[in-house]
Amino acid sequence: MSRFFVSGYNSDSTSEEEDLLTSDEEELLSSSQEEDNDESSDSEFGNDSDDSDSDDSDSDVRPTGPAYFLKKSFLKGSRDDDSDSDSDEGKRVVKSAKDKLLDDMEESIETINVNKRTNNWTVVLNEIDKLQRYVVRTKQQSIAIPNFYIKCLASLEEYMNETNENEKSEKSLNATESKSFNAARIKLRKQIKDVQTRYDFYREQPDLFEREESVDIIPSNGNEQSAEYTAVGGRAMGPVFAALKQIIESRGKKNIDKFEQIQTLDQLLSTNLEKGSAFELIAIYQILLSIRFDASANQNFMPVDEWKKNEDDLNALLDVLYANIDKYQLSELGSTTDEIDIEPEARADGVKVIFGSVTSLIDRLDDEFTRSLQNTDPHSIEYVERLKDESSIYKLIVRGQSYIELITPEDIRPSSEQLARITLRRLEHIYYKPNQLITANEAEAWKGIDIDSALVSKNATPNELIEGINTFLHNHSNSIYGKHSLLNTIYYYAVNNQYNQARELFLSSQLYGSINHAESTLQVQYNRAIVQLGLSAFRSGAIEESHKILNEIVNSQRSKELLGQGFNSKYPNQATTAERQKLLPFHQHINLELLECVYMTSSLLIEIPALAQASNSAKDSKRKASIKSFKSKLEFHDRQFFTGPPESIKDHIVHASIALQKGDWSKAYQLLSGIKIWKLFPDNDELLAMLKSQLQVEGLRTYIFTYKAVYTKLSIAKLSKVFNLVNEKIYEILEKMIESNEIGGSFDETKIFINFTSNEPQRSRLQELAIVMNEKVGLLTEKNEKTASNGYGKKQNQPQGQQQQGQQQGQQNQRESEENNRFRYANVNSNNDEFQAAV
Amino acid sequence: MSSKQTKKYQAPTATSINVESSVLLSLIRHTSENYPSLFSGTLLGFEDDEGSIDITHVYPFPYPDQYEGGSFRSRSGAKYQQEILESLKKLGYGVEFQGWFQSTIAGNFITTQLIEGLAQQQLINKNSFILIHNMSSVNKEIELKALRLSEGFIGAYLDGKWKSKDLESNKISYLNIFTELPINIHNQNLVNLYLSNLNQQQDEGEQDEFDVLNLSSNQNVTAQLLESLYSQVDSYNYDQNNFNYFQRQQQKEISKISQWKQQRKLDNLERAKRGDPELDTEEWKSIFRLPSEPSRYNNMLHSHAIDVLADDILKKCEEELTKSVAIERKLTFNN
Chain L
1 MSRFFVSGYN SDSTSEEEDL LTSDEEELLS SSQEEDNDES SDSEFGNDSD DSDSDDSDSD
61 VRPTGPAYFL KKSFLKGSRD DDSDSDSDEG KRVVKSAKDK LLDDMEESIE TINVNKRTNN
121 WTVVLNEIDK LQRYVVRTKQ QSIAIPNFYI KCLASLEEYM NETNENEKSE KSLNATESKS
181 FNAARIKLRK QIKDVQTRYD FYREQPDLFE REESVDIIPS NGNEQSAEYT AVGGRAMGPV
241 FAALKQIIES RGKKNIDKFE QIQTLDQLLS TNLEKGSAFE LIAIYQILLS IRFDASANQN
301 FMPVDEWKKN EDDLNALLDV LYANIDKYQL SELGSTTDEI DIEPEARADG VKVIFGSVTS
361 LIDRLDDEFT RSLQNTDPHS IEYVERLKDE SSIYKLIVRG QSYIELITPE DIRPSSEQLA
421 RITLRRLEHI YYKPNQLITA NEAEAWKGID IDSALVSKNA TPNELIEGIN TFLHNHSNSI
481 YGKHSLLNTI YYYAVNNQYN QARELFLSSQ LYGSINHAES TLQVQYNRAI VQLGLSAFRS
541 GAIEESHKIL NEIVNSQRSK ELLGQGFNSK YPNQATTAER QKLLPFHQHI NLELLECVYM
601 TSSLLIEIPA LAQASNSAKD SKRKASIKSF KSKLEFHDRQ FFTGPPESIK DHIVHASIAL
661 QKGDWSKAYQ LLSGIKIWKL FPDNDELLAM LKSQLQVEGL RTYIFTYKAV YTKLSIAKLS
721 KVFNLVNEKI YEILEKMIES NEIGGSFDET KIFINFTSNE PQRSRLQELA IVMNEKVGLL
781 TEKNEKTASN GYGKKQNQPQ GQQQQGQQQG QQNQRESEEN NRFRYANVNS NNDEFQAAV
Chain X
1001 MSSKQTKKYQ APTATSINVE SSVLLSLIRH TSENYPSLFS GTLLGFEDDE GSIDITHVYP
1061 FPYPDQYEGG SFRSRSGAKY QQEILESLKK LGYGVEFQGW FQSTIAGNFI TTQLIEGLAQ
1121 QQLINKNSFI LIHNMSSVNK EIELKALRLS EGFIGAYLDG KWKSKDLESN KISYLNIFTE
1181 LPINIHNQNL VNLYLSNLNQ QQDEGEQDEF DVLNLSSNQN VTAQLLESLY SQVDSYNYDQ
1241 NNFNYFQRQQ QKEISKISQW KQQRKLDNLE RAKRGDPELD TEEWKSIFRL PSEPSRYNNM
1301 LHSHAIDVLA DDILKKCEEE LTKSVAIERK LTFNN
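Those sequence lines, one after another, are chains L and X. Under my numbering, read the first sequence as residues 1 to 839, first letter to last. Under my numbering, read the second sequence as residues 1001 to 1335, first letter to last.
Next up, the structure:
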């Protein structure tokens, strides 16, 4: 509460009180005496006269700062000749905020009491307003509404009713006063309504309110009392629901101790666990769970013990739901009732559908789990410990899914949001795992669940599981689930070495057309699927495809961001919490180093032969512009003054590429297989075997490209020995190269040798230079002619050309018409007429 | 250039160069041994009364040049030159600075730096010159030229505008940038003796005489010449582009002006009919402005370089052709 407002109110009240003092001193005395009797709790201040309170904001709290000095001097000066009882500074007492509030209220009530007698309704109206504000503040500070307030309301209402009666007979009030009177009445009724329960209670038992402490009607305070009270409420509301209602009402308000509420609910739960009806239990669980979630809402993530409790309770809730499946159902399709204690109407089959959502609760729990992982250091033991809970939450999801399946009739399944959501959740928990892990997960999850899922049966293999989920989500009426599940499925296939399936699925999905308009989470998912597809292509030996797929992402410089694994900006602190929450937890990350390693290896296998090919044929170098990336790395390596043995992954690859350039595949293989990161792939050995054969082939190609100019013929047997490949394979590769015009050559009849032939003219440097020189001199002449013709070359050239043509007309006519013909075919539309004449 | 315009240029009086053979020997040795890096140096000597310059000493600059004429006006070069002169003065030699020598390949020596250096020197000492050692046939022939910027060139240089008009009034083209001075080699007896000694030593090996019969072509030098020619042609073409652009602008303006003149003439005729006073026919000068002609300086230098290079290449070609014909003869004869 701000002091500022308090003083503001007081300035208001002073003016009124001055007014009051002059007019009704006697009344004031009597009313203050009355109040003294009422409020023994405030005995300390009970003796204070009204005017002392008027400036209490200044005097009862020691002023600080500059105001302190100001006030002091002012007070000293002014109070010396004042006879006020409060002027003595020594008497000043520090009040708590609560006491002060209560004081203010009392004061207002007094004013009301005084003024109502004199029909000064404008003042009363003001005071009622003030009271209203005080009451709001008492609620904010969680102070119980004081009894005297209720009493005041009651008496005021009585009095006003009386006055109203009187007013009907004799019009004693003037226009403004009667107006205020009516306004005050309306306000009063409203206030009474706010505290209706207590008010009624007071009417019932006024003597209870004579006590000091405010009357509490929370059941824990005494069942007797609350039972009595609720009975009066007009409608039977069980103690359980009364408590629940109170908590529900306080939701979202400030200054409420959520943990106290949780405690209350826990107690409630434990007392009702045995005898409580299922409906009650469901209601309690629902509220308890959401309050627990709320309690940690402003923290980074939910504390683990709270989370565990919620998990247990959620399981218990599911237990209850399963047990009462033929009586109650908890569904998003249920309807809300006016009061929480009213059970919804039963359907035809006798099942009452309660509004609520198991899916949302599980979603929330899972989100909290993810958040806690995001906020834990991924390299710590806590992370691993926390990760162990994944199996339990997965189990919960599976249970939830089968429950929702159970309560969702067959026909509306494809459009059921809650079922789709929880199914997608389930998929998100397994899609990035290898098969063995999924199998283990499933086994663990189905333990203790009796029912089976119709979507995916209990004993499904991982493949069937993922496909089942995917088919269901794909056919769902909301296409967003389909997209997510599709990408997850692609990812799953890719992880589990089913490259072709993943690729086909990806290509048939046509997602790449629209992905740029999708939301960011889907985009991240898309990128992940692509990257995983690329890695999978690499493992299955489709090097070129892998290179093509990974090229863009690796070269984008912001792969981290694209994969939802972090921020590339320099200042990660700038990221908003919302952005941060979209990041994936660490255990789902794709290893970026591995990604780069795979990309570089595939670049190596593609670019080194291409480089060799390009450097040995002058013309092709222009055509192949795409091989820059690796070349620059090699050039950088060449520029180094000192190159030590390879250390980093990049070093290994660069060294390997240098070896491969010389055709030394075995050294390249040694270097590449020395990279430790390959171990992150599950089937390490197969991968290395694939790499080896790739290196042999590419090494052979590089060798041929590099040295074909040196040899006129090469023995295939020799090549087979050097590259450790069978003759047939070598023959095959060479033939392919010849066919694709990469090399010029042919085999002899016995297929023992390859003969290289070169159709490229073997010009010496001088000859090349002479050819270029020819061009230059041509240019030079042209320039000079231009100069001779005043800077306009072509116009004046043409007549010259025509002259020459005239000289050699016989020969040139034919050629010219040919040329024109060709030209006409190229641009039919431009100048037809001109050339038709020539033909 | 413009700041030096105040200097008065006097026509050179010396008409020939006398070079001591010892100077020549040390010069050739220095440049040949350091080929392909380029060297330049100071030539010291004195003018005699008969209108010739005697060169008695040569001192190359201690560092090779990055391009021809690079050391002439550099601070370190000037300092080195000064120091040598002073040392010689201390020893009682009355020699003076007469010019530079520069090793080069064919026409490459024509750089703005070299021209600038030489021009400045010629303004100070009317008789200064430059000795160009063309190394395009190094180790085979010695090609030395004593060059001096022509009077017309210096005249245009002092004008500093290099417009076509200037070139015409000074009567210069790329062909007469330089005037060549005859070189007389003055053999001392000591050098004669030294050379005959050398000859005797070499006669024992008897290799020299057959060197002429070496039939393998010297491709390297030819390629180098061609490459130099390239770069000169490229620069020339670049320059020519600018000039052509100017030409077109010029023509456009001129046609505009003639149009305007035509119009004015018609106007005046009409006015004359009405009896109005004629309008000024020369007003176009204030309305139109002809584009200013770009400098022809670079064009001239490049042209000259191309000329020299082409000459050298031609010479090489002849050489090569002779050789190939000889080879062909030999082969066909064998068959």
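Heads up, the beta-carbon is just placed ideally off N, CA and C, and yes, glycines get one too. It should be emphasised that the depicted structure is a prediction, and the values quoted were computed from it without experimental measurement.
Closer than 8 angstroms to the CB of E1227/X there is at least one CB belonging to chain L. With fewer than 16 neighbouring CB atoms inside 10 Å of its own CB, A717/L falls in the exposed class. Using beta-carbon distances, N790/L counts as an interface residue toward chain X, with a partner under 8 angstroms.
From the beta-carbon of T1322/X, no residue of chain L is found nearer than 7 angstroms; the closest lies around 17 angstroms away. Selection L695/L, V384/L and E768/L evaluated against S602/L yields L695/L as nearest (Cα-Cα). Taken in chain order, the members of the region 770-790 of chain L whose beta-carbon sits within less than 8 angstroms of a beta-carbon on chain X are A770, V772, M773, K776, V777, L779, L780, K783, N784, K786, T787 and N790.
About 7 angstroms separates the CB atoms of L1226/X and A770/L; that is less than 8 angstroms, so the two are in contact. At a cut-off of 8 angstroms between C-beta atoms, V1019/X does not count as an interface residue with respect to chain L. Taking CB atoms only, R765/L has a neighbour in chain X less than 8 angstroms away. Checking the DSSP bridge columns, you'll see E1020/X partnered with H1186/X.
In summary, F506/L is buried, with 16 or more beta-carbon neighbours lying within 10 Å of its beta-carbon over all protein chains present.
For V1058/X, not one C-beta of chain L is nearer than 8 angstroms to its own C-beta. The region 103-187 of chain L contains, as complete alpha helix (DSSP H) runs of 4+ residues, the segments 121-140 and 147-169 (chain order). It is roughly 14 angstroms from the alpha-carbon of E157/L to the alpha-carbon of E127/L. Of all alpha-carbon atoms in H655/L, S648/L and G663/L, the one lying nearest the alpha-carbon of E635/L is that of H655/L. Taking a beta-carbon distance threshold of 8 angstroms, A1305/X does not count as an interface residue toward chain L.
V1233, D1234, Y1236, N1237, Q1240, N1241, F1243, N1244 and Y1245: these are the residues of the region 1231-1245 of chain X whose beta carbon lies less than 8 angstroms from some beta carbon of chain L, given in chain order. Annotation: H1186/X to S1022/X spans about 9 angstroms, alpha carbon to alpha carbon.
Per the C-alpha coordinates, the member of H547/L, I752/L and L592/L positioned closest to R558/L is L592/L. With 16 or more other Cβ atoms inside 10 Å of its own Cβ, T376/L counts as buried.
Chain L has no Cβ within less than 8 angstroms of the Cβ of T1112/X. Distance check between W1100/X and each of A1106/X, E1143/X and I1055/X places I1055/X closest, using alpha-carbon atoms only. Counting along the chain, the unbroken alpha helix (DSSP H) around S1164/X starts and ends at S1164 to S1169. Counting the other CB atoms within 10 Å of its CB gives P585/L a total of 16 or more, which places it among the buried residues. Not one beta carbon of chain L lies nearer than 8 angstroms to the beta carbon of A1106/X. With fewer than 16 neighbouring CB atoms inside 10 Å of its own CB, T521/L falls in the exposed class. Secondary structure at V772/L: helix, using DSSP grouped into helix, strand and coil. Here L1131/X is bridged, per DSSP, to F1101/X and A1146/X. Following the DSSP letters along the chain, one finds V353/L in no alpha helix (DSSP H) but inside the beta strand (DSSP E) bounded by residues K352 to F355. Not one beta carbon of chain L lies nearer than 8 angstroms to the beta carbon of Q1082/X. Chain order gives the chain L residues near A1223/X as R765, L766 and L769, where near means a beta carbon separation below 8 angstroms.
Taking the Cβ atoms as the reference, L1147/X lies roughly 17 angstroms from F1097/X, outside the contact range of under 8 angstroms.
Distance from the Cα of E596/L is smallest, within the candidate group T111/L, I704/L, A659/L and K650/L, for K650/L.
Taking the Cα positions, R399/L is about 10 angstroms away from L406/L. Counting C-beta pairs closer than 8 angstroms gives three or more between the region 312-325 of chain L and the region 280-289 of chain L, which meets the contact rule. Straight through space, the alpha carbons of E1143/X and S1016/X are spaced by roughly 17 angstroms.
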